[in-house]
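Numbering-wise, the numbering used here comes out as the position in the sequence shown, counting from 1, plus 983.
Where is the CB? At the ideal position from N, CA and C, for every residue including glycine.
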Amino acid sequence: MKAYLELLTVFAIQLFIIVDPLACIPIFLAITPGSSRSERRRLARRSCLIAFVVLTFFLLAGAAIIGYFGIGMPAIQICGGVLLFLIALEFLHGHPTKTETTHLEERLAGEKEDVSVTPLAIPLLAGPGAIATSMVFAGRANTVLAYLTLVAGAGLVFVAVYACLHWADNLARMIGVLGMRVITRIMGFLLAFIGIQYVIDGIRDQFFP
């Protein structure tokens, strides 16, 4: 049981850092300029549910997908680590990564009535970094309980994400632009460490099994 609790904790923390809901708040507010507070909360609830379903799919089917294409786990670890490190570099510059949304997507989203699927759920919340992390952890799971633990971890993360988006207006006023940038840079440091560790683990598993 201790091992599953550790798995839950490590996965949830890493996924929360990668999703970085506080950095998502300015984008969320920017793409819902004409929405009321109740409408924003409805969009946040729907987008978190969709993102959770997407990551659950990769958690449960990730091993089968990479197995079908003949991709080894070390390749997933190395590729995921490189991707997370590149995302971390964007975070260290104090702004969300370009793998999440582009300015064009944000502008088009402002013209859409429902942005909960795109770009909010995908790729803002369930982006390449979150998917890569889910597949890496899915490759480590070897029991049904381990898979359920990962799904529970993703559920906890998106409950926290929903709480951040639910109170987006209040948090934006409390933290401010400077606070958002400081938090994003701290997340960038942590994400860089995680990415490098993924690469080290992948190289070790490939060449020194």
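Local Cβ density within 10 Å of residue 1015, reported as buried at 16 or more and exposed below that:
buried
Confirm, please, whether the CB-CB distance from residue 1032 to residue 1178 is below 9 Å.
no
Quick one: grab the DSSP three-state call for residue 1008.
Annotated three-state conformation of residue 1008 is helix, per DSSP.
So, are the CB atoms of residue 1005 and residue 1018 less than 9 Å apart?
no
Please classify residue 1116: does DSSP put it in a helix, a strand, or coil?
helix
Going by Cα to Cα distance, which pick from 1151, 1136, 1034 is closest to residue 1023?
1151
Can you tell me which of the three DSSP states residue 1082 falls into?
Below a pLDDT of 50, predicted positions are generally treated as unreliable, and residue 1082, at 49, falls in that range; the measurement from the model is reported next regardless. In this structure, residue 1082 counts as coil in the three-state DSSP scheme.
Determine the DSSP secondary structure at residue 1052, reduced to helix, strand or coil.
coil
So, at 6 Å on beta carbons, what are the nonlocal neighbours of residue 1185 in its own chain, with the 5 sequence-adjacent residues on each side left out?
Hits under 6 Å: 1057, 1060, 1061.
Using only alpha-carbon positions, find the residue among 1028, 1066, 1034 that is nearest to residue 1182.
For the residues 1028, 1066, 1034, the minimum Cα distance to residue 1182 belongs to 1066.
Do you know offhand how far residue 1100's Cα is from residue 1108's?
Spanning the alpha carbons of residue 1100 and residue 1108 requires a straight line of approximately 10 Å.
Identify whether residue 1003 lies in helix, strand or coil by the three-state DSSP scheme.
Residue 1003: coil per DSSP, three-state reduction.
Apart from the five residues just before and just after residue 1028, which ones in its own chain have a Cβ nearer than 7 Å to its Cβ?
If you ignore the 5 residues before and after residue 1028, its C-beta comes within less than 7 Å of the C-beta of 1145, all in its own chain and listed in chain order.
So what's residue 984 in DSSP terms, helix, strand or just coil?
coil
Would you tell me roughly how many angstroms separate the C-alpha atoms of residue 1159 and residue 996, rounded to the nearest one?
24 Å
State buried or exposed for residue 1093, treating a residue as buried only when at least 16 other CB atoms are found within 10 Å of its CB.
Residue placement at residue 1093 is poorly supported in this model, since its pLDDT is 46, which falls under 50; the coordinates still yield a value, given next. Residue burial annotation: residue 1093 is exposed, with fewer than 16 other C-beta atoms found within 10 angstroms of its C-beta.
Assuming residue 1042 and residue 1121 form a contact by the criterion Cβ under 8 Å, report the distance between their Cβ atoms to the nearest whole angstrom.
5 Å
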